[in-house]
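J.:
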Amino acid sequence: MMVTALVVAMSGAVAGSPAAQAARAGSVLYSPNLATYPSGTAGYPRAIRLDQDGSPNETMLATFARGAHNGPTTMPVYRSTDGGGSWAQISSISSNTPGWDIEAPTLFEVPRSIPGLAAGTILAAGTAWQVGDYTAQKVEVFKSTNGGSSWTFLSNCTSTSGQPNGWGHGIWEPTFLVADNDALACFISDERPANTPTNNQLIGHYTSTDGGVTWGSTLTQDVAFPADNLLRPGMQTFAELPNGEFVMTYEMCRDATDPDDACEVYLKRSADGLNWGPLGDRGTLVRTTDDRELLHTPYVAWVPGGGPDGTLMVSGQRVVSGPTGNKTVLAESGSVLFVNRALGNGPWTEAETPVTVDPTGGYAAGVASCPGYSTPMVPRQDGTSYVYFAATLLTGSQCELRTGIGTLPGPTGAIIGAGGKCLDVDTNTAVNGRPAQLWTCGTATGQDWSVDADGTVRAFGRCLDVDANGTTNGTKVQLWECNGAGAQQWRAQSDGTLLNPQSGKCLDVPSGNTADGTDLQIYTCNGSPAQAWVLPGFPTGRITGPDTAPKCVDVDTNTPTSGNRVGLWDCSGVPGQQWTMRPDGTVRAFGKCLDVQGNGVANATPVQLWDCNGGGAQVWVPQANGSLRNPQSGRCLDAPAGSASNGTKLQIYDCNGQAPQRWTVPV
């Protein structure tokens, strides 16, 4: 889609999605000073984590298009050295062409040394032009060798000149990728008739073999539809998967169709980053089991946590249902993204975002376009959290930028209760106050629950909640915006019940009535079939400590070899730091058990990874003081001398409740 609408104020009243129930505001990264710049706006954020800078800090860079600030649009660059917790501006990029705007930015860290570029070099690019003058454009490329503190112009990836002053030949939305053959690829959304048999838009790339100093003259078409002159693929973003594949997400708009009733999000794959399959192949539609879809401006990222294949996340401006040309905007728009734990195969589920966009923007005339327009996620080093960036409405058609830190959802799927019926959200809509009920199991997103490490149980990114913080028998249970209250805490018990600790009562089917539509309640725990629930998976995630130390319990060498010692290491989300707390008392990684070496019971006996065998050396019971007790030995998991250094090997020791024995486990 053309990016002009992002930074140019549009006339008319704001229209958007149904209002979200309660906003997660996040933190302001940048807000225009409207007293100084009455038309000022900010949007189209982009951010990266620096993995090649040699710093012990978790450094990130962010940029965006800053427009209508008494001059051409620029790309300010911000830096965080604490994993996205705080930000400060360090530089700004202006067009290399005097008087031109530069917008639709991208940032890219060169992941390894390639011809012409050293590992860790930062590239930035954007579409440069005089906004509204379509006769000439350039995709200008800049580089930084000092972590973004300063920039030099490198080249034009491509350019146009002498064109008619109107639609139909724009070059938009640059992104970079280093392919398996070490070529640097510059991808664009291209409207130029000379390169598009359909005289419409396609996605393609140019390559450079000298680090972006020069570019090949031929555009390789990656996503195009020669047999349909109305389709407009664009807004491409990329992620690399642990199996070596690359994935691309893009929006599929359609000429002669209201873009707010089209522009669905698709995913394509490539083995090498340069070959994306035959022209005419859309890839796969990103959607849930009940046909909810993302609409407009997708962004894709992969995070190593959440399962053996990690987690793919895709954001979009809205969540919709219905066919092309007749979309219905759904209530969770602006508050969720989509996740998939099978490398993008199969259906997707919804997960809460740490920043709410309300209202969401759109493409139609009279609608502010900037809110939620292309919202990137940057994985953090712990492997299970990410930084989220979103433009939110400031006034009129102007936006500010906000950011927040989100976490991956826990095990996700159906929660099955009495009569084989499913825990279900009434009317299958993401609206606060919808009753939690029993219903015949099916494909509804309102039956797709995540059991999260913070003790919440979530659907649509919202929480299973006891009405009005109630604690008495018969209090109804509902869906509500997650707020950290005790009414939203649930603990799976060994008898299959779900305990709400604040009330001391359990999730209950009144009188055991298994009819569809039976509203649920809390009631005195009694272990009856009316209170038995089968949860998706088991609590899985990091075990951190000791005490407040930000280290993870880690399998040595991150391999599933029995006998590997278990110790401490910086959290990174690798499989050797993903522990599952099983009801049988075992704590598992790689499908193997945390084990006291040699079935030992003496102080200072090491712990290791071992094949699960049902022995007492593999049973661990979380204690109220945060310790993990091994009943067979009567001793607790312990960091020797309280050391939190990388490589510290763990042991068992007399339980004392002190800091070296306090751990935070998935619940």
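So the sequence shown is residues -22 to -1, 1 to 645, counted in mature numbering (1 follows the signal peptide of the UniProt record, and there is no 0).
Glycine included, C-beta positions come from ideal geometry on N, C-alpha and C.
So, with DSSP's three-state summary, where would you put SER299?
T.: If DSSP states are grouped into helix, strand and coil, SER299 belongs with the strands.
J.: So if DSSP puts LEU572 in a beta bridge, which residue, or which two residues, is it bridged to?
T.: Per DSSP, LEU587.
J.: Buried or exposed: LEU628, going by 16 or more other Cβ atoms within 10 Å of its Cβ?
T.: Result: buried.
J.: Looking only at its own chain, which residues have a Cβ that is under 6 Å from the Cβ of ASN74, when we skip the five neighbours before and after it?
T.: Once the five neighbours on either side are set aside, the close Cβ partners of ASN74 are GLU118, PHE131.
J.: Determine the DSSP secondary structure at ASN577, reduced to helix, strand or coil.
T.: DSSP places ASN577 in helix when its eight states are reduced to three.
J.: Cα separation between ASP29 and LEU498?
T.: Computed Cα separation, rounded: 48 Å.
J.: Let me confirm a value: SER363 is counted as buried when at least 16 other C-beta atoms fall within 10 Å, else exposed. Which label applies?
T.: Looking at its Cβ environment, which holds 16 or more other Cβ atoms inside 10 Å, SER363 is buried.
J.: Considering only C-alpha positions, which residue in the set TRP417, ALA414, PRO83 is nearest to SER352?
T.: If we check each option's Cα against that of SER352, PRO83 comes out closest.
J.: Helix, strand or coil for ALA637, going by three-state DSSP, please let me know.
T.: In this structure, ALA637 counts as helix in the three-state DSSP scheme.
J.: Given a cut-off of 8 Å, decide if CYS441 and TRP458 are closer than it, judged by their beta-carbon atoms.
T.: Yes, they are a contact pair.
J.: Sorted by chain position, which residues of the same chain lie with C-beta nearer than 7 Å to ASN577's C-beta, five sequence neighbours on each side aside?
T.: Taken in chain order, the residues that qualify are GLY593, ALA595.
J.: With distance defined between alpha-carbon atoms, name the residue in TRP557, ASP525, ARG613 nearest to ALA622.
T.: Considering only alpha carbons, the answer is ASP525.
J.: Does the distance from the C-beta atom of ARG436 to that of PRO387 stay below 8 Å?
T.: Yes, the pair counts as a contact, with Cβ atoms nearer than the cut-off.
J.: Could you please give me the residues that DSSP links to GLY382 through a beta bridge?
T.: GLY382 pairs with TYR366.
J.: Is the Cβ-Cβ distance between TRP641 and LEU606 less than 8 Å?
T.: Yes.
J.: Contact defined as beta carbons within less than 8 Å: I believe GLY439 pairs with GLU330. What is the distance between those atoms, to the nearest angstrom?
T.: GLY439 to GLU330, Cβ: 3 Å. Contact.
J.: CA-CA distance, ALA602 and TYR184?
T.: ALA602 and TYR184: Cα-Cα distance of roughly 59 Å.
J.: Buried or exposed: where does VAL585 fall if 16 or more other Cβ atoms within 10 Å of its Cβ makes it buried?
T.: Result: buried.
J.: Considering only C-alpha positions, which residue in the set VAL345, ALA582, ASN591 is nearest to GLY620?
T.: Nearest of VAL345, ALA582, ASN591 to GLY620, Cα basis: ALA582.
J.: Quick one: using the 10 Å Cβ neighbour count with 16 as the cut-off for buried, is THR192 buried or exposed?
T.: Per the 10 Å Cβ criterion, exposed.
J.: With a threshold of 7 Å on Cβ separation, who are the neighbours of CYS633 within its own chain once the five nearest residues in sequence on each side are excluded?
T.: Cβ within range, chain order: SER605, ARG607, ARG613, CYS614, GLN639.
J.: Distance, Cα to Cα, ILE521 vs PRO644?
T.: Each residue's Cα considered, the two are about 7 Å apart.
J.: By DSSP, does ASP445 sit in helix, in strand, or in coil?
T.: Three-state DSSP puts ASP445 in a helix.
J.: For ALA(-14), which residues in the same chain have their Cβ closer than 8 Å to its Cβ, ignoring the five residues on either side in sequence?
T.: With a pLDDT of only 25 at ALA(-14), under 50, the local geometry of the prediction cannot be trusted, and the value read off the model is given with reservation. Only SER17, THR19, ALA46, GLY374, SER375, GLN376 meet the Cβ criterion.
J.: Can you list the beta strand (DSSP E) stretches of 3 or more residues lying completely in the region 170 to 255, in chain order?
T.: Counting whole runs of 3 or more residues, the region 170 to 255 contains the beta strand (DSSP E) stretches 180 to 186, 198 to 201, 209 to 218, 224 to 232, 242 to 248.
J.: Using only CA atoms, which one of THR492, ASP430, LEU476 lies nearest to GLY462?
T.: The residue with the shortest Cα to Cα distance from GLY462 is ASP430.
J.: Once DSSP output is grouped into helix, strand and coil, what is the label at GLN30?
T.: The answer is coil: DSSP assigns GLN30 none of H, G, I, E or B.
J.: Anyone know if the C-beta pair for ASN451 and ALA465 falls short of 8 Å?
T.: Contact flag unset, no.
J.: For TYR277, which of CYS164, ALA163, GLU151 has the nearest alpha-carbon?
T.: For TYR277, the nearest C-alpha among the options comes from GLU151.
J.: Consult DSSP for GLN(-2) and reduce its assignment to one of helix, strand or coil.
T.: Unreliable placement is indicated for GLN(-2), whose pLDDT of 40 sits below 50; no coordinate value is reported for it.
J.: Would you please state the rounded distance, in angstroms, between the beta carbons of LEU85 and ARG27? I believe it to be under 8 Å.
T.: At roughly 10 Å, the Cβ-Cβ gap does not stay under 8 Å, so LEU85 and ARG27 are not in contact.
J.: Beta strand (DSSP E) containing ILE500: first to last residue?
T.: Residues 499 to 502.
J.: For GLN(-2) and GLY312, I'd like the C-alpha separation in whole angstroms.
T.: Because GLN(-2) carries a pLDDT of 40, less than 50, the predicted location of this residue cannot be relied on, and the following value inherits that uncertainty. Their Cα atoms are separated by approximately 11 Å.
J.: Per DSSP, which one or two residues make a beta bridge with ARG260?
T.: ARG260 pairs with nothing; no bridge assigned.
J.: Using a Cβ-Cβ cutoff of less than 7 Å, which residues in the same chain neighbour residue 664 once the five nearest sequence positions on both sides are dropped?
T.: Given that the chain is displayed from residue -22 to residue 645, the structure contains no residue 664 and the question cannot be resolved.
J.: With a 10 Å radius around its C-beta and 16 neighbouring C-beta atoms as the bar for buried, classify PRO89 as buried or exposed.
T.: Classification for PRO89: exposed.
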